[in-house]
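Asker: If you use the numbering used here, the sequence shown corresponds to residues 87 to 209, in order. Built from N, CA and C at the ideal position, the CB exists for glycine as well. Here it is, the structure, as C-alpha coordinates.
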Amino acid sequence: MSKTIAEALLPTRALSEDIPFYTKVLGLRMDMIYPADDPQVAVFSGHGLRVRIDTAFQGDPGRLRILCEHPDQFANGDRQLTAPNGTEIEIDGLNTPMVLPNTQHSFVVRRLADQAPWVIGRA
(Lines of atoms letter the chains of each structure in order from A; the text may use other names.)
(Lines give C-alpha, C1' and ligand atoms only; values in the text may rest on other atoms or scores of the structure.)
Protein backbone atom coordinates (compact mmCIF):
# COMPACT_ATOMS: atom_id res chain seq x y z
CA MET A 87 0.00 0.00 0.00
CA SER A 88 1.42 3.41 -0.94
CA LYS A 89 1.83 6.24 1.54
CA THR A 90 0.09 9.56 0.90
CA ILE A 91 0.92 12.87 2.58
CA ALA A 92 -0.90 16.18 2.18
CA GLU A 93 0.68 19.51 3.02
CA ALA A 94 -0.26 23.17 2.97
CA LEU A 95 1.99 25.35 0.81
CA LEU A 96 2.65 28.86 2.13
CA PRO A 97 4.74 31.72 0.75
CA THR A 98 7.56 33.51 2.56
CA ARG A 99 10.02 36.28 1.93
CA ALA A 100 12.29 35.65 4.91
CA LEU A 101 12.49 31.98 5.85
CA SER A 102 14.84 32.82 8.73
CA GLU A 103 12.01 34.77 10.43
CA ASP A 104 9.43 32.03 9.93
CA ILE A 105 11.48 29.17 11.39
CA PRO A 106 11.40 30.36 15.04
CA PHE A 107 7.70 31.24 14.78
CA TYR A 108 6.60 27.85 13.46
CA THR A 109 8.89 25.86 15.78
CA LYS A 110 8.82 27.83 19.04
CA VAL A 111 5.45 29.60 19.00
CA LEU A 112 3.36 26.94 17.23
CA GLY A 113 5.39 23.95 18.42
CA LEU A 114 5.85 22.38 14.99
CA ARG A 115 8.84 20.18 14.18
CA MET A 116 11.06 21.11 11.24
CA ASP A 117 11.25 18.00 9.07
CA MET A 118 13.48 19.36 6.33
CA ILE A 119 15.15 22.50 5.10
CA TYR A 120 16.98 22.95 1.81
CA PRO A 121 19.26 23.78 0.15
CA ALA A 122 21.91 23.76 2.86
CA ASP A 123 23.42 27.05 1.67
CA ASP A 124 20.84 29.88 1.72
CA PRO A 125 17.75 27.71 2.42
CA GLN A 126 14.66 28.44 0.33
CA VAL A 127 12.21 25.75 1.54
CA ALA A 128 11.33 24.45 4.99
CA VAL A 129 8.81 21.73 5.87
CA PHE A 130 7.21 21.59 9.32
CA SER A 131 4.83 19.08 10.87
CA GLY A 132 2.84 18.65 14.04
CA HIS A 133 -0.68 18.77 15.43
CA GLY A 134 -1.83 16.62 12.48
CA LEU A 135 -0.61 19.22 10.00
CA ARG A 136 2.24 19.43 7.50
CA VAL A 137 3.30 22.84 6.19
CA ARG A 138 5.75 23.68 3.39
CA ILE A 139 7.06 27.25 3.38
CA ASP A 140 8.69 28.15 0.08
CA THR A 141 10.35 31.42 -0.98
CA ALA A 142 9.61 30.63 -4.65
CA PHE A 143 5.84 30.30 -4.05
CA GLN A 144 4.06 33.55 -4.99
CA GLY A 145 0.59 32.81 -3.58
CA ASP A 146 -1.29 34.63 -0.86
CA PRO A 147 -0.57 33.84 2.79
CA GLY A 148 -2.96 31.25 4.13
CA ARG A 149 -4.97 30.80 7.28
CA LEU A 150 -4.40 27.91 9.68
CA ARG A 151 -6.74 26.81 12.45
CA ILE A 152 -5.25 24.89 15.35
CA LEU A 153 -7.75 23.26 17.68
CA CYS A 154 -6.59 22.11 21.11
CA GLU A 155 -8.06 21.03 24.44
CA HIS A 156 -6.52 23.96 26.33
CA PRO A 157 -6.24 26.88 23.88
CA ASP A 158 -5.28 29.30 26.66
CA GLN A 159 -2.15 27.24 27.28
CA PHE A 160 -1.12 27.17 23.61
CA ALA A 161 1.00 29.93 22.00
CA ASN A 162 1.08 31.98 25.22
CA GLY A 163 -2.73 32.10 25.25
CA ASP A 164 -3.00 34.15 22.06
CA ARG A 165 -6.03 33.21 19.98
CA GLN A 166 -5.15 35.16 16.81
CA LEU A 167 -1.58 35.22 15.50
CA THR A 168 0.08 36.40 12.32
CA ALA A 169 3.23 34.62 11.21
CA PRO A 170 6.13 36.62 9.76
CA ASN A 171 5.13 35.33 6.30
CA GLY A 172 1.63 36.82 6.73
CA THR A 173 -0.20 33.56 7.44
CA GLU A 174 -3.02 34.03 9.94
CA ILE A 175 -3.26 31.44 12.71
CA GLU A 176 -6.44 30.96 14.71
CA ILE A 177 -6.27 29.00 17.97
CA ASP A 178 -9.57 27.60 19.23
CA GLY A 179 -10.93 24.94 21.55
CA LEU A 180 -11.08 21.36 20.38
CA ASN A 181 -14.51 20.73 21.86
CA THR A 182 -16.17 24.12 21.70
CA PRO A 183 -19.66 23.94 23.21
CA MET A 184 -22.46 24.07 20.68
CA VAL A 185 -24.73 27.08 21.05
CA LEU A 186 -28.33 26.18 20.31
CA PRO A 187 -30.83 29.00 19.73
CA ASN A 188 -34.27 28.91 21.30
CA THR A 189 -36.78 27.37 18.93
CA GLN A 190 -40.54 27.44 18.58
CA HIS A 191 -41.87 24.05 17.60
CA SER A 192 -45.21 23.58 15.90
CA PHE A 193 -47.00 20.80 14.09
CA VAL A 194 -48.72 21.79 10.85
CA VAL A 195 -50.74 19.54 8.53
CA ARG A 196 -51.69 20.69 5.04
CA ARG A 197 -53.68 19.06 2.34
CA LEU A 198 -52.44 18.98 -1.22
CA ALA A 199 -54.12 21.34 -3.66
CA ASP A 200 -56.55 19.80 -6.13
CA GLN A 201 -54.80 17.16 -8.21
CA ALA A 202 -51.37 18.42 -7.12
CA PRO A 203 -48.67 15.78 -7.53
CA TRP A 204 -46.95 14.38 -4.49
CA VAL A 205 -43.39 15.69 -4.22
CA ILE A 206 -40.69 14.23 -2.04
CA GLY A 207 -38.93 16.96 -0.14
CA ARG A 208 -38.43 18.49 3.22
CA ALA A 209 -40.72 17.41 5.98
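DSSP puts residue 166 in a beta bridge; with which residues?
Answerer: For residue 166, which the question treats as bridged, DSSP gives the partners 176.
Asker: First and last residue of the beta strand (DSSP E) that includes residue 97?
Answerer: Residues 94-97.
Asker: Hey, is the segment 165-174 in contact with the segment 102-112, meaning 3+ C-beta pairs nearer than 8 Å?
Answerer: Yes: at least three Cβ pairs fall under 8 Å.
Asker: What do you reckon, are the CB atoms on residue 113 and residue 160 nearer than 9 Å?
Answerer: The answer is yes: Cβ separation under 9 Å.
Asker: Quick one: Cα of residue 194 to Cα of residue 95, how far?
Answerer: For residue 194 and residue 95, the distance between alpha carbons rounds to 52 Å.
Asker: Using 10 angstroms around the beta-carbon of residue 91, count the other beta-carbons present and answer buried if the total reaches 16, otherwise exposed.
Answerer: Residue 91 is exposed by the Cβ-count criterion.
Asker: In three-state DSSP terms, what is residue 107?
Answerer: Three-state DSSP puts residue 107 in a helix.
Asker: Taking buried to mean at least 16 other C-beta atoms within 10 Å of its own C-beta, is residue 128 buried or exposed?
Answerer: Answer is buried; the Cβ neighbour count reaches 16.
Asker: Nearest-angstrom Cα distance between residue 99 and residue 205?
Answerer: Approximately 58 Å between the Cα atoms of the pair.
Asker: Cα separation between residue 149 and residue 192?
Answerer: Spanning the two alpha carbons is a distance of roughly 42 Å.
Asker: Should residue 185 go down as buried or exposed, given a rule of 16 or more other Cβ atoms within 10 Å for buried?
Answerer: Burial call: exposed.
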